[in-house]
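First the structure, in the form of structure tokens, and then the observations on it.
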Amino acid sequence: MAASKTTRSGSQTGAKKGAKKSPAKSAFTKEDYLTWYEQMLLMRKFEEKAGQLYGQQKIKGFCHLYIGQEAVAAGSVSALKKGDKYITAYRDHAHPLVLGSDPGKVMAELYAKETGLSKGRGGSMHMFDKENHFYGGHGIVGGQVPLGAGIAFAEQYKGTDNLCITYLGDGAARQGAFHEALNLAMTMKLPMIIAIENNGYAMGTSVSRTSNVTDLSQLGKAYEMPSESVDAMNVENVHHAVVRAAERARKGDGPTLIEFRTYRYKGHSMSDPAKYRTKEELAQYKKLDPIEQIRNILIKKKVTESQLNKIDEKVKGIVADSVKYAEESDFPKAEDAYEYVYVQEDYPFEKG
Ligand SMILES: Cc1ncc(C[n+]2csc(CCOP(=O)(O)OP(=O)(O)O)c2C)c(N)n1
Ligand SMILES: [Mg+2]
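Following the working numbering, the numbering of the sequence shown begins with 261 at its first residue and continues without gaps.
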């Protein structure tokens, strides 16, 4: 069936309708905005470069870009504390970058090099960085949601005050595993934030084509889970919503579902020309660009163009260094193909 152009506005007009905005008075300092600006710019520039390198076949396999959604990762990391855990799906290059993973290792993973974040065994969809509390990178749509509940349970069991934020897409919210995990998380009051990154589409299928329920915050209601929708083109809104959810989780009140209304500028993956949406729809979201919003705030706060350009140059340098590192790294050796498959060293099937 040829894809017809179904804009997401059939279900919800833009990111803003029905979604909470931040309080009128900003509680953030110039430094907070500068941090967000640099983080989001790094995610954007890193992935623009990854897209180019994919075109040159330096990066192979699947590659799903996060461009447009940066405020979700930046705003949630700023709202959480060290020790909190993160897990997401395959659109997973940006989260480790903002969590502090070495950009060189993220790029090397895209190149499938031994020095990559997952030692070159995972590639684009399977970033993993235990040190920075990033638990992947998962290719099975919705599969990470029960895993996120399990991570949250481990924290509850050990009696820590850490939580697990579990990101998923609007398409994943239609999976059975998502609903089972929500039920369990709410029944057990797990310290969990269920973060739906509603970018309007699951591959080429708009939200309104997958269910009658297009306000995804409603999905929590079936489990009496506190839930809200947030305009997530704006990093401040994301931050505030995650702070509210984190307070609840740390008090022992259990999980919160947040629908982050966002948008991906690129196709589903590198092989998607995105013909199922209109140019006008894309242009409308680009006007709300999360990085531009923060750049404008910084200019109002008297940060000069030359200061901002310095940040741009710094980020470009980090991205260039990451490519050099990936280029100069070696591929894993063929004889090491069975390395890192099992944790248990004497596992009987380890050597095939
Ligand atoms: C269980 C399962 N079914 C189908 C697929 C194929 N698939 C990969 S991505 C995707 C769309 C998911 O969309 P969404 O959850 O909205 O995430 P987004 O790509 O928008 O970030 C599908 C159907 C899969 N990987 N796993
Ligand atoms: Mg989606």
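Yeah, the Cβ is synthetic: ideal placement off N, Cα and C, and Gly gets one too.
Hey, how far is the Cα of residue i from the Cα of residue j?
i      : j      : result
Ala597 : Ala372 : 12 Å
Asn497 : Glu605 : 46 Å
Gly290 : Lys561 : The question names Gly, yet the displayed sequence has Lys at residue 290. Their Cα atoms are separated by approximately 7 Å.
Lys342 : Gly335 : 15 Å
Leu476 : Val405 : 15 Å
Gly311 : Pro451 : 36 Å
Leu325 : Ala580 : 18 Å
Ile518 : Gly364 : 31 Å
Lys593 : Lys379 : 11 Å
His398 : Tyr607 : 24 Å
Glu307 : Gly383 : 14 Å
Glu599 : Ala349 : 24 Å
Gly376 : Ser361 : 11 Å
Gly612 : Val603 : Confidence at Gly612 is low in this model, with a pLDDT of 48, below 50, so the placement of that residue is unreliable and no value is reported for it.
Leu479 : Gln567 : 44 Å
Lys511 : Leu302 : 34 Å
Met386 : Arg469 : One detail in the question is off: residue 386 reads as His in this sequence, not Met. So the two alpha carbons sit approximately 28 Å from each other.
My guess is that residue i and residue j are in contact by the Cβ rule of under 8 Å, so how many angstroms apart are they, rounded?
i      : j      : result
Ile327 : Tyr525 : 5 Å
Tyr427 : Phe394 : Not quite, the Cβ-Cβ distance comes to about 11 Å (not below 8 Å), so this is no contact.
Arg522 : Val337 : Arg is not the amino acid found at residue 522; the sequence shown has Thr there. Between Val337 and Thr522 the Cβ distance is about 15 Å, and since that is not below 8 Å, they are no contact.
Ala432 : Gly402 : 4 Å
Ile453 : Val502 : 7 Å
Gly436 : Glu457 : Wrong, their Cβ atoms sit about 20 Å apart, outside the cutoff.
Considering only DSSP beta bridges, list what residue i is partnered with.
i      : result
Glu457 : Gly429 and Phe520
Glu488 : Ile518
Met452 : Cys424
Does the Cβ of residue i have 16 or more other Cβ atoms within 10 Å, making it buried, or fewer, making it exposed?
i      : result
Thr516 : buried
Gln329 : buried
Thr447 : exposed
Gln416 : buried
Glu540 : exposed
Met463 : exposed
Ala505 : buried
Phe591 : exposed
Kindly say whether residue i, judged by its beta-carbon, lies nearer than 8 Å to any beta-carbon of chain B.
i      : result
Leu407 : You won't find chain B in this structure, because it holds only one protein chain.
Inset, instruction - May I have a chain-ordered list of the alpha helix (DSSP H) segments no shorter than 4 residues that lie completely inside the segment 523 to 607? - result: 539 to 546, 550 to 560 and 565 to 588
Legend entry - Contained beta strand (DSSP E) runs [length at least 3] in the segment 340 to 407, N- to C-terminal order: 345 to 347
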